[in-house]
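Following my numbering, the numbering of the sequence shown begins with 3 at its first residue and continues without gaps. From the three backbone atoms N, C-alpha and C, an ideal C-beta is built for every residue, glycine too. For reference, the structure is listed below as structure tokens.
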Amino acid sequence: MSEKAIFLDRDNTLIEDPGYISDPDAVRLLPGVELAMKSLSQAGYLLVVVTNQSGVARGLLTEESLKKIHERMVELLSRKGALVDEIYYCPYHAEGSVPEYAIESDLRKPEPGMLLQAAEDMGIDLSVSWMVGDTPSDIEAGERAGCRTIRIRTPHDDDRTDNHLEEFQADYTVRNLVEAARVILRSGPGASAQVDAADEDEDVLLNIDHSAAGAPESATGVVLPTPRTPHYAAAEVATLPTAQAIEDEPVGDFEPELPAPAAAAAGEAATQLPEEDTGGANRVRNEILRELRQMARSQMAAEEFSVWRLVGTIVQVLTFLALLMTVKHLVGQPQELMKAQVWGILTVALQTMALTLVMMQRRR
Numbered sequence: 003m004s005e006k007a008i009f010l011d012r013d014n015t016l017i018e019d020p021g022y023i024s025d026p027d028a029v030r031l032l033p034g035v036e037l038a039m040k041s042l043s044q045a046g047y048l049l050v051v052v053t054n055q056s057g058v059a060r061g062l063l064t065e066e067s068l069k070k071i072h073e074r075m076v077e078l079l080s081r082k083g084a085l086v087d088e089i090y091y092c093p094y095h096a097e098g099s100v101p102e103y104a105i106e107s108d109l110r111k112p113e114p115g116m117l118l119q120a121a122e123d124m125g126i127d128l129s130v131s132w133m134v135g136d137t138p139s140d141i142e143a144g145e146r147a148g149c150r151t152i153r154i155r156t157p158h159d160d161d162r163t164d165n166h167l168e169e170f171q172a173d174y175t176v177r178n179l180v181e182a183a184r185v186i187l188r189s190g191p192g193a194s195a196q197v198d199a200a201d202e203d204e205d206v207l208l209n210i211d212h213s214a215a216g217a218p219e220s221a222t223g224v225v226l227p228t229p230r231t232p233h234y235a236a237a238e239v240a241t242l243p244t245a246q247a248i249e250d251e252p253v254g255d256f257e258p259e260l261p262a263p264a265a266a267a268a269g270e271a272a273t274q275l276p277e278e279d280t281g282g283a284n285r286v287r288n289e290i291l292r293e294l295r296q297m298a299r300s301q302m303a304a305e306e307f308s309v310w311r312l313v314g315t316i317v318q319v320l321t322f323l324a325l326l327m328t329v330k331h332l333v334g335q336p337q338e339l340m341k342a343q344v345w346g347i348l349t350v351a352l353q354t355m356a357l358t359l360v361m362m363q364r365r366r
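And the structure:
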């Protein structure tokens, strides 16, 4: 029997992307990814990471270092009950500085090689599988492999105006993996986990049933391309609560971009949602709500801090000091009048700079 899978990009999809990661301790999971992965696993999907790692070809890290980074990522996910079934990576790049890796490879996205290799190794039916990533190369690789695709929109994408000109357009566009999970569980063929299409601006609220799952197994053996028996825990398929069943403050004003047929189908599916409100589900739901609120608070705190505001504060302090020096020379000896004028001009310049920085901060 063919398996269905979710192919996941690594950077900016599962973990933060500060650049080329060379230290396992630098691995940071993105908020909510473990919730989405647990829900998708319980829905019967294999979770396969497919990632370009040209840093190996560029001499920035070794394959051994990359393996340790992936083991760290798998460890962090498994601590939260989310398991990876396999990781495929491409260390090659034609412009690399390490000769043995400085070659063209059909494994490197946007080529679909890693997805095709995984399908062969793990018996995956690509026609019922999904590719989720944040770059055009992820979407192209997924479409060329025959998968449905979801693009995770990053702040960098918001600054671009040519996204619509890309040759390969994703089937859906979302903000993060948890929203991608909602789309997949709603849109998958024959999926028993459904989402109310009337959910307005909530982040994903995944109602995961852990009662039948047991303790999660450890996921090890991060290699390419040796396959491994899937390690996701057997459990009942997760169901997502309706908007009426959840009381939470909406976060943002974003809704995934859905084609009209999919939206209509989701509306019909919403009327067939099973009514389920067990004590275990409520506990899990409350846990998820707490984590989402913490995510929102963290985001607000990050937005409150601004480099512009910090620089503006420093400039304002310097302005005050310059003003004091101006007054000092004005009340001093007559020969210090010239110094007072210089300090006065400096005070005006600094105050103008401070006001400019404040205006830039407000505009942002």
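Endpoints, alpha helix (DSSP H) assigned at residue i
i: G144; result: 138-147
i: V185; result: 179-189
i: I71; result: 65-81
i: D127; result: Neither: D127 is in no alpha helix (DSSP H) and is coded neither H nor E.
i: L42; result: 35-44
Contact under 8 Å by Cβ, residue i with residue j
i: L62; j: S24; result: yes
i: R155; j: V176; result: yes
i: R184; j: A172; result: no
i: V86; j: V51; result: yes
i: G144; j: T15; result: no
i: L332; j: T349; result: no
i: L48; j: I126; result: yes
i: N54; j: R146; result: no
i: C149; j: L187; result: no
i: E88; j: M39; result: no
i: L78; j: L31; result: yes
Where residue i falls: helix, strand or coil (DSSP)
i: T15; result: coil
i: K6; result: strand
i: L109; result: coil
i: Y90; result: strand
i: G135; result: strand
i: A271; result: Note that A271 scores 44 on pLDDT, short of 50, meaning its location in the model is unreliable; the coordinates nonetheless yield the value given after this. Here A271 sits in helix by DSSP.
i: V176; result: strand
i: R30; result: coil
i: R155; result: coil
i: R311; result: helix
Reference residue i; option with closest CA among the options
i: V360; options: G314, E18, A351, V52; result: G314
i: A7; options: L128, D173, S41; result: L128
i: E113; options: C92, L339, K69; result: C92
i: Q353; options: V329, L323, I186; result: L323
i: K82; options: A182, S189, I71, L37; result: L37
i: Q44; options: A84, V329, V100; result: A84
i: A356; options: L68, Q318, S67; result: Q318
Proximal residues to residue i (C-beta, below 7 Å), its chain only, five neighbours per side dropped
i: T228; result: Residue confidence for T228 is low, a pLDDT of 37 falling below 50, so the modelled location carries little weight and cannot support an answer.
Chain-order list of residues whose beta-carbon lies under 6 Å from that of residue i (same chain, five-residue window excluded)
i: P138; result: E168
i: Y103; result: V58, A59, P93, Y94
i: M327; result: W345
i: P26; result: K70, I71, R74
i: D13; result: D19
Range of the contiguous beta strand (DSSP E) that encloses residue i
i: V50; result: 47-54
i: V100; result: Neither: V100 is in no beta strand (DSSP E) and is coded neither H nor E.
i: V333; result: Here V333 belongs to no beta strand (DSSP E), and DSSP marks it neither H nor E.
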